[in-house]
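Written below as structure tokens is the structure these notes are about.
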Amino acid sequence: GGSTDIALIQKRGITGVKMMAMGGRAFTKGLAAHFKKTLRDAEQMKLDFADGIGVSEAKAVIDNDIQIWLDALLIALNDLKKGQPLPPHIAICGGGSGLPGIIEALRSEKVINSGLFKHAPEVTLLEPKHIYGIEDPKEFLIGPQDVTPKSIAYQASLYQNQTKRMIGGASIG
Numbered sequence: 003g004g005s006t007d008i009a010l011i012q013k014r015g016i017t018g019v020k021m022m023a024m025g026g027r028a029f030t031k032g033l034a035a036h037f038k039k040t041l042r043d044a045e046q047m048k049l050d051f052a053d054g055i056g057v058s059e060a061k062a063v064i065d066n067d068i069q070i071w072l073d074a075l076l077i078a079l080n081d082l083k084k085g086q087p088l089p090p091h092i093a094i095c096g097g098g099s100g101l102p103g104i105i106e107a108l109r110s111e112k113v114i115n116s117g118l119f120k121h122a123p124e125v126t127l128l129e130p131k132h133i134y135g136i137e138d139p140k141e142f143l144i145g146p147q148d149v150t151p152k153s154i155a156y157q158a159s160l161y162q163n164q165t166k167r168m169i170g171g172a173s174i175g
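One gets our numbering by counting positions in the sequence shown from 1 and adding 2 to each.
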């Protein structure tokens, strides 16, 4: 994806949202620029890196981009702070969230000492198994990039009985 979306949840409700125009695609573009590869080849390189293949080639580039992403994230979180410490839990999902180094960055001293949280935040990488209420018996949705589609499918299922038919989460008829 091309963005990182942030929702501040307090007392079971959304109290703030932010969007940063830097997501998994930024890591792909960084690899493409550094190694002079097509976006398709750079995407494969990123996926291989996430799977532990070709680590030495991509690590320095991705680690640098993670620090840029983290700086942008801390600025966005600061905008949501509004004088109060943020809740000490960060849940992330999406294709880029599975990159080695993302979780570690969110648990880093830079985040802990940012003044945004009263305590070191707990970080959870959301997976489709965390989205309950909708079945996936053939296990089509298996990675952190599949949390959003499964969440949309769940929401669509809530409305299924209210409409004649559902297509891709949109009500027809």
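Backbone N, C-alpha and C fix where the C-beta goes; we use that ideal spot for every residue, glycine too. Everything numeric in this text was worked out from a predicted model, so none of it was measured.
Closest by C-alpha distance to residue i, when choosing among the options
i	options	result
Ala74	Ile64, Met21, Ile94, His36	Met21
Tyr156	Ile133, Pro146, Gly54, Gly145	Ile133
Pro130	Gly100, Pro87, Thr30	Gly100
Phe29	Glu141, Asp67, Leu82, Pro151	Asp67
Thr17	Pro89, Ile114, Leu33, Pro139	Pro89
Pro139	Lys152, Gln147, Leu108	Lys152
Lys84	Gln162, Leu10, Ile104	Leu10
Ala23	Leu33, Thr6, Ile70, Asp81	Thr6
Simplified DSSP state of residue i, which is helix, strand or coil
i	result
Leu160	helix
Asp138	coil
His121	coil
Ile133	coil
Leu49	helix
Residue i classed as buried or exposed, judged by whether at least 16 other C-beta atoms fall within 10 angstroms
i	result
Phe51	buried
Ala62	exposed
Asp53	exposed
Phe119	buried
Gly175	Confidence at Gly175 is low in this model, with a pLDDT of 40, below 50, so its placement is unreliable and the value that follows should be read with caution. With fewer than 16 other Cβ atoms within 10 Å, it is exposed.
Leu41	exposed
Gly25	buried
Ala35	exposed
Val57	exposed
Near the ligand NAP: residue i beta-carbon under 7 Å from a heavy atom
i	result
Ala60	The ligand NAP is not among the ligands present in this structure, which contains no ligands whatsoever.
Any C-beta of chain B under 8 Å from that of residue i
i	result
Gln12	Note that chain B does not occur in the displayed structure, where there is just one protein chain.
Element boundaries [alpha helix (DSSP H), containing residue i]
i	result
Ile10	Ile is not the amino acid found at residue 10; the sequence shown has Leu there. Taken as a continuous stretch (DSSP letters only), Leu10 belongs to no alpha helix (DSSP H), being part of the beta strand (DSSP E) at 6–12.
Thr30	26–37
Whole-Å CB distance - residue i paired with residue j, under 8 Å assumed
i	j	result
Ala93	Leu143	Ala93 to Leu143, Cβ: 17 Å. No contact.
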